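Student: Can you read through this structure? Questions will come right after.
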Amino acid sequence: MICRIPAAFVSVVLWFVTAIGGANAQSISLAQDFDARDLTRQEVQIVQAALAHYGTYDALLDGAWGGGSQRALETYVTRERGGDGPDFDDVRALLRGFERERRLGGWAPVYHARAQVGHLLPLGRLTRSDTPEETRYATSDGGLVIVKRSGFVRPYDLHDAIEADSQPGTTPYRTESDRRIITAARMRGGRDAYVRSDRDDGGWETHIVIADAAHADDLRLIASSFQRAPAVELTPPAGGTLDALLHADGGRLPVPERPRPPEPRAPEREASFEELLVGLMGSVLAETLRRESDRDRDEDDREDSEAERLRELARERERSRGAASGFYVNTTDIVTSAQVVGACERLELVDGTSLSVIGRDDAAGVAVLAAPGRSAHWLPVSPRAAERGAQVRLLSRAGLEGARVAARDGRILGDADRRGRLRHDVRIAPRGDGGPFLSSDGRVIGVALPPSGAAEDGGTLLRDDALRGRLDAFGVPYSDGHTRRTTLTRDTPRALSRAVVAIRCDG
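Residue numbering for the sequence shown follows our numbering, starting at 40 and increasing by one per position.
This is how it looks when you write it as structure tokens:
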């Protein structure tokens, strides 16, 4: 139950900028009716996250305080103490409870750059395990499991299996678009499942969240937080209204260093599919959700527009960390982009294996690294020069952990300069620099170079003859693959994936 503090004992000070630009101080009693216009967008998202975890908010964490958010707060207050409408003291009690959950659970945003999808996870309660096929998080009691899988094929089979295993008497929900599939159901064993698949340039990335009754609140918050942008940071901003509420104990709020105007109240609107996550398992709500498919697609467009700048910033952060792809040309030596070598004090593979630099040519844009031990997988270098119009396939390690190989098809457009560079129409994603371009017979026909902002097409590659010249200059042995010739097919990236590695910058 919420502990009530008499208004006569406690007041807080909030400073804001008026419409004409002046700054005035306004004293707000904790017993005063709560007004979301006193919060920033991020602070609204934090309140929504708290309400979602406590079981009253069933919407997307969008930072827009509409009728759904207000009703969720009112429901929470009625459940906790009854009585009249919510005030700032109610929000303070809500935040303090959620702040304990945030810290104990280690709730933090997770961003998957390949699929451009972000969400929250209670990382403090989860143990992570990786295999070549998936990344898995689980609580010690097994009551909450989150699995991320990637593949080249639209994952119909997985979503079909979730529907087929739904509990009798319940109606699973499923919605599809060109870029996304979402399925939610109550399983036969009594657990709830939420499955989301997002299309990326190299295939599909799927997240599976399964929870028992004890972890239903966790599932609700995780599912509510999914968006095609980095997820919200749940730590209240220092000096903001929520931060002041958390630390208000009978005193007054410190004056914010930068007064700000109140944000306009968002108009109430119909909830889309992702804004009705609490009751996804119920048959009555499922019928309502089936009428939301068109509105869900509209939500996709809105998210894309609002998140474009954030996605670009995330891509820039990825590149600025100096990470890249690379590939073995023999059992010990790895070719990669020279840019990653110049940006790092120490290079390593994703498993922590340290790498040493054999040679680096900034003009050509490539470097060769030596790895300890021996690799059983390597790529041959084509003995023939690349030609205009040739079909090529770029292989690169995707994701922050380099857990899978992404493949992108394209063609050679022509010469770019006299230094052995060719233009191509394949967009190089973050961490794709240094990846191999393969010819139709499965041999390296070029190396992906960092994209140029001025390029009208995908970018440039260092062609095979220039690569051979650099390898010869560095004294690095390589093969033209007479005994490893293969024709590229849809499954070829899987067969060649072990020769392609992700390289990390440490420091």
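All residues carry an ideal CB built from backbone N, CA and C; glycine is no exception. Keep in mind it's a predicted model, so treat the numbers as computed, not measured.
Tell me where the beta strand (DSSP E) around His151 begins and ends.
Tutor: From DSSP, the beta strand (DSSP E) with His151 extends over Trp146 to His151.
Student: Around the Cβ of Val192, are there at least 16 other Cβ atoms within 10 angstroms (buried) or fewer (exposed)?
Tutor: Result: exposed.
Student: Taking the beta strand (DSSP E) that Thr392 falls in, what are its first and last residues?
Tutor: Note, Thr392: premise wrong, no beta strand (DSSP E); not H, not E.
Student: Give me the Cα-Cα distance between Gly190 and Arg235, rounded to the nearest whole angstrom.
Tutor: Approximately 13 Å between the Cα atoms of the pair.
Student: Given a threshold of 16 other Cβ atoms within 10 Å of its Cβ, counted over all protein chains shown, does Asp101 qualify as buried or as exposed?
Tutor: That one is buried.
Student: Buried or exposed: where does Arg131 fall if 16 or more other Cβ atoms within 10 Å of its Cβ makes it buried?
Tutor: Arg131 should be labelled buried.
Student: What three-state label does DSSP hand Tyr115 in the structure shown?
Tutor: Tyr115 falls in the helix class under three-state DSSP.
Student: For Ser395, collect the residues of the same chain with a Cβ closer than 7 Å to its Cβ; drop the 5 residues on either side in sequence, then sort them by chain order.
Tutor: If we look at Ser395 and ignore the five residues flanking it on each side, its Cβ neighbours are Leu408 and Ala409.
Student: Taking the continuous alpha helix (DSSP H) assigned at Leu281, which residues delimit it?
Tutor: Note, Leu281: alpha helix (DSSP H), Thr280 to His286.
Student: Please return the same chain residues whose Cβ sits closer than 6 Å to the Cβ of Ser38, not counting the five positions on each side in sequence.
Tutor: Since the first residue of the chain shown is 40 and the last is 546, residue 38 is not available in this structure.
Student: Output needed for Ser179: all residues of its chain with C-beta closer than 8 Å, excluding positions within five of it in sequence on either side, in chain order.
Tutor: For Ser179, where only same-chain residues beyond five positions count, the Cβ hits under 8 Å are Arg164 and Thr166.
Student: If the criterion is Cβ atoms closer than 8 Å, does the pair Thr375 and Ile542 meet it?
Tutor: Contact flag set, yes.
Student: For Pro148, which residues from the same chain have a beta carbon less than 7 Å from its beta carbon, with the 5 sequence-adjacent residues on both sides left out?
Tutor: Answer for Pro148: Gly157, Leu159, Pro269, Ala270, Val271 and Glu272, listed in chain order.
Student: Is the CB-CB distance between Pro161 and Gly136 below 8 Å?
Tutor: Cβ distance not < 8 Å, so Pro161 and Gly136 don't count as in contact.
Student: Residues in its own chain within less than 8 Å of Thr114 by CB, not counting five upstream and five downstream?
Tutor: Correct list, in chain order: Thr95.
Student: DSSP state of Phe73, grouped into three classes?
Tutor: Three-state DSSP puts Phe73 in coil, outside helix and strand.
Student: Looking at the structure shown, is Glu138 part of a helix, part of a strand, or coil, going by DSSP?
Tutor: Note: Glu138 maps to helix in three-state DSSP.
Student: Three or more beta-carbon pairs under 8 Å between the segment 446 to 461 and the segment 499 to 512, yes or no?
Tutor: Yes, the segment 446 to 461 is in contact with the segment 499 to 512.
Student: Could you spell out where the beta strand (DSSP E) holding Glu23 opens and where it closes?
Tutor: Here the chain covers residues 40 to 546 and nothing more, so residue 23 does not appear.
Student: If you measure between the beta carbons of Thr280 and Leu134, is that distance less than 8 Å?
Tutor: It is not a contact, given that the beta carbons lie outside the stated cut-off.
Student: Report the rounded CA-to-CA distance for Ala177 versus Ile249, giving the unit in angstroms.
Tutor: Looking at the two C-alpha atoms, the distance is approximately 10 Å.
Student: Take Leu90 and list the residues in its own chain whose beta-carbon comes closer than 8 Å to its own, dropping the five residues that flank it on each side.
Tutor: For Leu90, where only same-chain residues beyond five positions count, the Cβ hits under 8 Å are Tyr96, Ser108, Ala111, Leu112, Tyr115 and Leu133.
Student: Report the option in Thr209, Ser216, Asp196 and Thr245 whose CA atom is closest to the CA atom of Asp231.
Tutor: The shortest C-alpha separation from Asp231 is found at Thr209.
Student: If the criterion is Cβ atoms closer than 8 Å, does the pair Val539 and Arg436 meet it?
Tutor: Contact flag set, yes.
Student: Quick check on the DSSP output: the alpha helix (DSSP H) that includes Val39 runs from which residue to which?
Tutor: With the chain covering only 40 through 546, there is no way to say anything about residue 39.
Student: Applying the 10 Å Cβ sphere with the 16-neighbour rule, what's the burial state of Thr245?
Tutor: Result: buried.
Student: Opposite Ala409 in the DSSP bridges: which residues?
Tutor: In DSSP, Ala409 forms a bridge with Asp372 and Ser395.
Student: Give me the Cα-Cα distance between Thr274 and Gly473, rounded to the nearest whole angstrom.
Tutor: Each residue's Cα considered, the two are about 37 Å apart.
Student: Measuring alpha carbon to alpha carbon, tell me which residue in Gln84, Asp217, Ala70 and Trp104 is nearest Asp126.
Tutor: Per the Cα distances, Ala70.
Student: Suppose the cutoff is 8 Å on Cβ atoms and the five residues either side in sequence are ignored; what does the same chain contact list for Glu426 look like?
Tutor: Cβ neighbours of Glu426 beyond the five flanking positions: Ile451.
Student: Measure the C-alpha to C-alpha separation of Ala362 and Leu386 and round it to an integer number of angstroms.
Tutor: Spanning the two alpha carbons is a distance of roughly 9 Å.
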